[in-house]
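Before any comments, here is the structure.
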Amino acid sequence: MTLSKQRIRQLSVEDSCRAVREGSLAAREVAEAYLESARQREPEVHAFLRLEPQEVLQQAELLDERIRKGEAVGPLAGLPVAVKDVIVTRGTPTTCGSRILENYRPPYDATVIERLREAGALVFGKTNCDEFAMGSSTENSAYFPTRNPWDNRLVPGGSSGGSAACVAAGQAPVALGTDTGGSIRQPAAFCGLVGLKPTYGRVSRYGLVAFASSLDQIGPLARNVREAALLLNTIAGHDHRDSTSAPLEPEDFTARLGRDLKGLRVGVPQEWMGEGLQPEIRHRVEFAMRQLEDLGCRLDPVHLPHNRYAIATYYIIAPAEASSNLARYDGVRYGFRATGGGESLEAMYRATRSSGFGREVKRRIMLGTYVLSAGYYDAYFVKAARVRRLIRQDLDQAFEKVQLLLGPTTPSPPFALGEKLADPLQMYLSDVFTVTANLAGIPGINLPAGSTSEGLPVGIQLLAPHFQESRLLQAAYALEQVLGVGRGAWDSGQ
Ligand code: GLN
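Here you go:
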């Protein structure tokens, strides 16, 4: 079988991996197909911090050789997976979008990378992101901003903007992102993709450079629900090297795809449908509500009374944890060291950290140090921790009545580059509907739900109780069938 590169890119993940496993398509051909697309689109999109064709082709050739020898290879054989540059990859730089890790080459693979390699997938480059995943537009990368493939004057969202943009542009079939307060779901919404934040503890964080340890989760960005579920099958699972990883039996997250939704109760948080939500987004959520009703679901309004404190709570807890996690970048243990810091060790630390970190990261370190400092700890950090519990209780109560929640992912469609850069509070408000899932630890998914009158993608969000990804994916899949799949930016102009 000889397929054109374009045809190869149009294959579903399942078809492509099956063909590679069976030997009718070479992993090398798949890799070349996406490398071609990357060559064409990357000069405009800037999704990758590092994409070395030789490294990709070498992995593909090794796999092809194993297949030729008749060795069994895993379910993701030959699948190129783009990886956000906050996830460590053995021997290749992992910068977290920061100067302070410019020269850092990790000596090991993250658990998710190990699992992907075992499943036969290829690491297809490292994607751009906001520095240490702090941001909502990828403009906080120390290297360059990434652009939205639908319109290059717009941001792709963040902080996993590079991962979203490369999939939306057809440069990679799937990608890994991370979500601390919305960084998978929000860029998925801005780029017209499916983006899944799993339950806290579902996917190992071993080898994920920590931003806010009680909130961070790794998850897939994909063209459709099935492909997101397939990737989750591989990356999920217990890992003794991450003490917060849940000891659960493996699960096939595709098992419920295609089952009907009759009798499912879906709640719509009223606090998410009012002030601050642009009408074009609200209309798409309302449209999805009607579709779910047609599919046999029962829709109920629910209330999350403490939701209005979610952003404030998140922006105390996340910087507090970040200030502690980022203390390790001192110019001694990792990456970059500023020279000319004077005589003392202290001066070297100061010079390294002041030139190695960007503005937003410094802002978070200062905020976090402040809310944890002796005089303010009770007033800010402890209080935020208490409100976090109330936010979680609101969700527990809602989930006594309904099985899923539906709402918007973002308050607005993708915004212009530069638009919110000077106003951090405006930027923080981009996460108003996403941080709740992280504070509570529950899974959430963004689903493309049509477009604005200007043709820009709009995303909607479904949330489920802890560890109910299967049901979440089942509902997302059913909704995707009626809202339409495969009308991504990758379909145009290729
Ligand atoms: N935009 C949010 C922040 O800046 C969330 C980031 C994330 O999920 N990594 O903290």
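Its first residue numbered -4, the sequence shown is counted upward by one per residue in the numbering used here.
All C-beta atoms, glycine included, are put in the ideal place defined by N, C-alpha and C.
| request: Determine the DSSP secondary structure at residue 15, reduced to helix, strand or coil. | output: Walking along the sequence shown from the start, residue 15 turns up at place 20. Secondary structure at residue 15: helix, using DSSP grouped into helix, strand and coil.
| message | Does the structure place the segment 270 to 279 close enough to the segment 298 to 306 that three or more beta carbon pairs sit under 8 Å? | response | With a cut-off of 8 Å, the segment 270 to 279 and the segment 298 to 306 do not count as touching, because too few Cβ pairs lie within range.
| message | Mapping the DSSP letters down to three states, classify residue 78 as helix, strand or coil. | response | For this step, residue 78 is matched to residue 83 along the sequence shown. The DSSP-derived three-state label of residue 78 is strand.
| query | So, does the CB of residue 457 fall closer than 7 Å to a CB anywhere in chain D? | reply | Absence of chain D from the displayed structure is noted, only one protein chain being present.
| request: Please confirm whether residue 299 and residue 266 have their CB atoms less than 7 Å apart. | output: The residue labelled residue 299 in the question sits at position 304 within the sequence shown. The residue labelled residue 266 in the question sits at position 271 within the sequence shown. Cβ atoms of residue 299 and residue 266: closer than 7 Å.
| query | Would the beta-carbon of residue 319 be found less than 6 Å away from any heavy atom of the ligand GLN? | reply | Here residue 319 refers to the residue found at position 324 when the sequence shown is read from its first residue. Not one heavy atom of the ligand GLN falls within 6 Å of the beta-carbon of residue 319.
| What residue range is occupied by the uninterrupted beta strand (DSSP E) comprising residue 427? | Looking up residue 427 in the sequence shown gives position 432. Element bounds for residue 427: n/a, residue is neither H nor E.
| said: Just to confirm the assignment: which complete beta strand (DSSP E) runs, minimum length 3, are found wholly within the segment 81 to 124? | reply: Taken in chain order, the unbroken stretches of beta strand (DSSP E) that lie wholly in the segment 81 to 124 and span 3 residues or more are 117 to 122.
| message | Is it buried or exposed, residue 80, if we count other Cβ atoms within 10 angstroms and call 16 or more buried? | response | One-based indexing of the sequence shown puts residue 80 at position 85. Buried is the call here.
| said: Can you tell me whether residue 139 is helix, strand or coil according to DSSP? | reply: One-based indexing of the sequence shown puts residue 139 at position 144. DSSP places residue 139 in coil when its eight states are reduced to three.
| Less than 6 Å between the CB of residue 404 and some heavy atom of the ligand GLN, yes or no? | Along the sequence shown, one-based indexing puts residue 404 at 409. Every heavy atom of the ligand GLN is 6 Å or more from the Cβ of residue 404, so no.
| field | Classification of residue 488 by the beta-carbon crowding that lies within 10 angstroms, buried from 16 upward | value | Stepping through the sequence shown from its first residue, residue 488 is reached at position 493. Bear in mind that a pLDDT of 42 at residue 488, under 50, signals an unreliable position, so the model cannot answer this.
| field | Short Cβ contact (7 Å threshold) for residue 147 with residue 39 | value | For the purposes of this step, residue 147 is identified with residue 152 of the sequence shown, where counting begins at 1. For the purposes of this step, residue 39 is identified with residue 44 of the sequence shown, where counting begins at 1. In this structure, residue 147 sits near residue 39, with a CB-CB distance shorter than 7 Å.
| task | For the segment 167 to 174 and the segment 199 to 215, state whether three or more C-beta atom pairs, one from each stretch, are separated by less than 8 Å. | result | The segment 167 to 174 is in contact with the segment 199 to 215.
| request: Pull up the distance between the alpha-carbon of residue -2 and that of residue 29, whole angstroms please. | output: In the sequence shown, residue -2 corresponds to position 3, counting from 1. In the sequence shown, residue 29 corresponds to position 34, counting from 1. So the alpha carbons of these two residues sit roughly 13 Å apart.
| message | Using the three-state DSSP reduction, which class does residue 234 fall into: helix, strand or coil? | response | On the sequence shown, position 239 is the one that residue 234 refers to. It is coil, neither helix nor strand.
| query | Which same chain residues, not among the five before or five after residue 207, have their C-beta less than 7 Å away from its C-beta? | reply | As a position in the sequence shown, residue 207 is number 212, starting the count at 1. If the five residues before and after residue 207 are omitted, its C-beta is found closer than 7 Å to the C-beta atoms of 175, 312, 313, 316, 317, all from its own chain and listed in chain order.
| query | Which stretch, first to last residue, makes up the alpha helix (DSSP H) that contains residue 171? | reply | By one-based count along the sequence shown, residue 171 stands at place 176. Membership of residue 171 in any alpha helix (DSSP H) is not indicated; the residue belongs instead to the beta strand (DSSP E) covering 169 to 174.
| query | Can we count residue 418 as close to the ligand SAM, meaning its CB is less than 6 Å from some heavy atom? | reply | The ligand SAM is absent from the structure shown, which contains only the ligand GLN.
| Can you tell me the Cα-Cα spacing of residue 229 and residue 112, whole angstroms? | Here residue 229 corresponds to residue number 234 of the sequence shown, with the count starting at 1. Here residue 112 corresponds to residue number 117 of the sequence shown, with the count starting at 1. Cα-Cα distance, rounded: 10 Å.
| Which residues does DSSP pair with residue 455 in a beta bridge? | Start at 1 with the first residue of the sequence shown, and residue 455 comes out as number 460. Bridge partners of residue 455: 403, 442.
| task | Between the Cα of residue 389 and those of 342, 18, 264, spot the shortest distance and give me the residue it belongs to. | result | Position 394 of the sequence shown, counting from 1, holds the residue named residue 389. The shortest C-alpha separation from residue 389 is found at 264.
| message | Measuring alpha carbon to alpha carbon, tell me which residue in 27, 66, 67, 59 is nearest residue 49. | response | Taking the sequence shown and counting its residues from 1, the one referred to as residue 49 is at position 54. With distances taken between Cα atoms, residue 49 lies closest to 27.
| field | Helix, strand or coil at residue 10 according to DSSP, with G and I counted as helix | value | What you label residue 10 is simply residue 15 of the sequence shown in a count that begins at 1. Helix, per DSSP.
| query | With DSSP run on the structure shown, which of helix, strand or coil describes residue 38? | reply | For the purposes of this step, residue 38 is identified with residue 43 of the sequence shown, where counting begins at 1. In the structure shown, residue 38 sits in a helix (DSSP, three-state: H, G or I).
| beta strand (DSSP E) runs wholly inside the segment 286 to 318, at least 3 long, in chain order | 293 to 297, all fully within the segment 286 to 318.
| query | For residue 435, is the beta carbon positioned less than 6 Å from some heavy atom of the ligand GLN? | reply | Translated into positions along the sequence shown, residue 435 becomes position 440. No.
| message | Any heavy atom of the ligand GLN closer than 6 Å to the beta-carbon of residue 131? | response | Residue 131 sits at position 136 when you count from the first residue of the sequence shown. Yes, since a heavy atom of the ligand GLN falls inside the 6 Å radius drawn around the Cβ of residue 131.
| task | For residue 361, count neighbouring Cβ atoms within 10 angstroms of its own Cβ and tell me buried if that reaches 16, exposed if not. | result | On the sequence shown, residue 361 is found 366 positions in, with the first residue counted as 1. Its Cβ having fewer than 16 others within 10 Å, residue 361 is exposed.
| field | Under the three-state DSSP convention, the category residue 260 falls into | value | Residue numbering aside, residue 260 sits at position 265 when the sequence shown is read from its first letter. Three-state result, residue 260: strand.
| Roughly how many whole angstroms lie between the Cα atoms of residue 84 and residue 92? | Position 89 of the sequence shown, counted from the first residue, corresponds to residue 84. Position 97 of the sequence shown, counted from the first residue, corresponds to residue 92. For residue 84 and residue 92, the distance between alpha carbons rounds to 14 Å.
| query | When you compare only the Cα positions, how much space is there between residue 367 and residue 200? | reply | Walking along the sequence shown from the start, residue 367 turns up at place 372. Walking along the sequence shown from the start, residue 200 turns up at place 205. Rounded to the nearest whole angstrom, the C-alpha separation of residue 367 and residue 200 is 24 Å.
| Would you say residue 291 and residue 241 are within 7 Å of each other, going by their C-beta atoms? | The sequence position of residue 291 within the sequence shown is 296, counting from 1. The sequence position of residue 241 within the sequence shown is 246, counting from 1. It is not a contact, given that the beta carbons lie outside the stated cut-off.
| request: Quick one: using the 10 Å Cβ neighbour count with 16 as the cut-off for buried, is residue 136 buried or exposed? | output: Within the sequence shown, residue 136 is the residue found at index 141, counting from 1. The residue is buried, with at least 16 neighbouring Cβ atoms inside 10 Å.
| task | Using the Cα positions of residue 182 and residue 159, report the straight-line distance between them to the nearest angstrom. | result | Within the sequence shown, residue 182 is the residue found at index 187, counting from 1. Within the sequence shown, residue 159 is the residue found at index 164, counting from 1. Using only the alpha carbons, I get a separation of about 6 Å.
| message | Does the distance between the C-beta of residue 136 and the nearest non-hydrogen atom of the ligand GLN fall short of 6 Å? | response | Counting from one through the sequence shown, the residue named residue 136 turns up at place 141. No, the ligand GLN has no heavy atom inside 6 Å of this Cβ.
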